[in-house]
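Just so you know, we're using my numbering here: the sequence shown kicks off at 1336 and counts up by one. Glycine included, each C-beta is placed from N, C-alpha and C at the ideal position. Here is the structure we will look at, set down as structure tokens.
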Amino acid sequence: MRLNVDTQTAPQQTAAMTELRRRFFAQAGNSASHFGVSFERMVQHLWDARRQRAPLPIRRIGNVDDLVHVVACIGDSERAWRELTELYESWLVRRLRREVGASTAVLVVRQTLVELRRFDACDGACGSLHDYLGIQPLRDWLTGRVFQHMAHRAVNLQQPAALTYVHARV
1336 MRLNVDTQTA PQQTAAMTEL RRRFFAQAGN SASHFGVSFE RMVQHLWDAR
1386 RQRAPLPIRR IGNVDDLVHV VACIGDSERA WRELTELYES WLVRRLRREV
1436 GASTAVLVVR QTLVELRRFD ACDGACGSLH DYLGIQPLRD WLTGRVFQHM
1486 AHRAVNLQQP AALTYVHARV
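Quick look at the structure:
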């Protein structure tokens, strides 16, 4: 099933939406209630993201719970952002500090999360939460954004990534 109204017949569209609704309630019912995200809001997020890409096969959306969390963050839910930070910041810092050291890792992760929240797409470098489609776990997607953010900053300053953030701290 694909989210592509242009090429699907009405029965295919109905089946795709039924499957997505089943996954929404099975995988993310508690999160949806917790964050106040409706099925329709999640679908709107997918439709908006789909406009810029090829059709999205429903079967590839395996992380509906994470998708609901992202939709709540996009809606600027304070609770969703607080929980996103609590769930992922320390893990992202641990992952990045293997590459650049502890203080630089903290700085890069926090800058990335702040820029994602401001929706400025990390100056075009690391994307936006609007790009998250639930295809991969949110933790992995955020890890990619953090590394993209770090690489973008290093290129802009024409310095190795680690040096970029050491100088930014001073």
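Same chain only: Cβ atoms within 7 Å of residue i, ignoring 5 sequence neighbours per side
{"i": "Met1377", "result": "Phe1359, Leu1402, Val1403 and Val1406"}
{"i": "Leu1419", "result": "His1404 and Cys1408"}
{"i": "Gln1446", "result": "His1484"}
Buried versus exposed, by CB contacts within 10 Å (16 or more), residue i
{"i": "Asp1400", "result": "buried"}
{"i": "Asn1365", "result": "exposed"}
{"i": "Val1481", "result": "buried"}
{"i": "Ala1363", "result": "buried"}
{"i": "Arg1386", "result": "exposed"}
{"i": "Thr1478", "result": "buried"}
{"i": "Arg1414", "result": "exposed"}
{"i": "Trp1382", "result": "exposed"}
{"i": "Ala1437", "result": "exposed"}
Closer than 8 Å: residue i CB and nearest the ligand GDP heavy atom
{"i": "Arg1414", "result": "What this structure holds is no ligand at all, so the ligand GDP is not there to describe."}
9 Å Cβ cutoff met for residue i and residue j
{"i": "Thr1439", "j": "Leu1431", "result": "yes"}
{"i": "Ala1384", "j": "Leu1468", "result": "yes"}
{"i": "Ser1412", "j": "Phe1374", "result": "no"}
{"i": "Gly1397", "j": "Val1372", "result": "no"}
{"i": "Arg1452", "j": "Trp1416", "result": "yes"}
{"i": "His1465", "j": "His1380", "result": "yes"}
Residues of its chain near residue i, where Cβ-Cβ distance is below 8 Å and the 5 sequence neighbours each way are ignored
{"i": "Pro1472", "result": "Asn1398 and Asp1401"}
6 Å CB neighbourhood of residue i in its chain, flanking five on each side removed
{"i": "Leu1355", "result": "Ile1393"}
{"i": "Ala1367", "result": "Val1403"}
Looking at C-beta atoms only, is the number of pairs between the region 1380-1395 and the region 1421-1430 that lie closer than 8 Å three or more? no
Restricting to runs no shorter than 4 residues, where is the alpha helix (DSSP H) found entirely within the region 1393-1449? 1399-1409 and 1413-1435
Would you list, in sequence order, the uninterrupted alpha helix (DSSP H) runs of no fewer than 4 residues that lie entirely inside the region 1347-1388? 1374-1385
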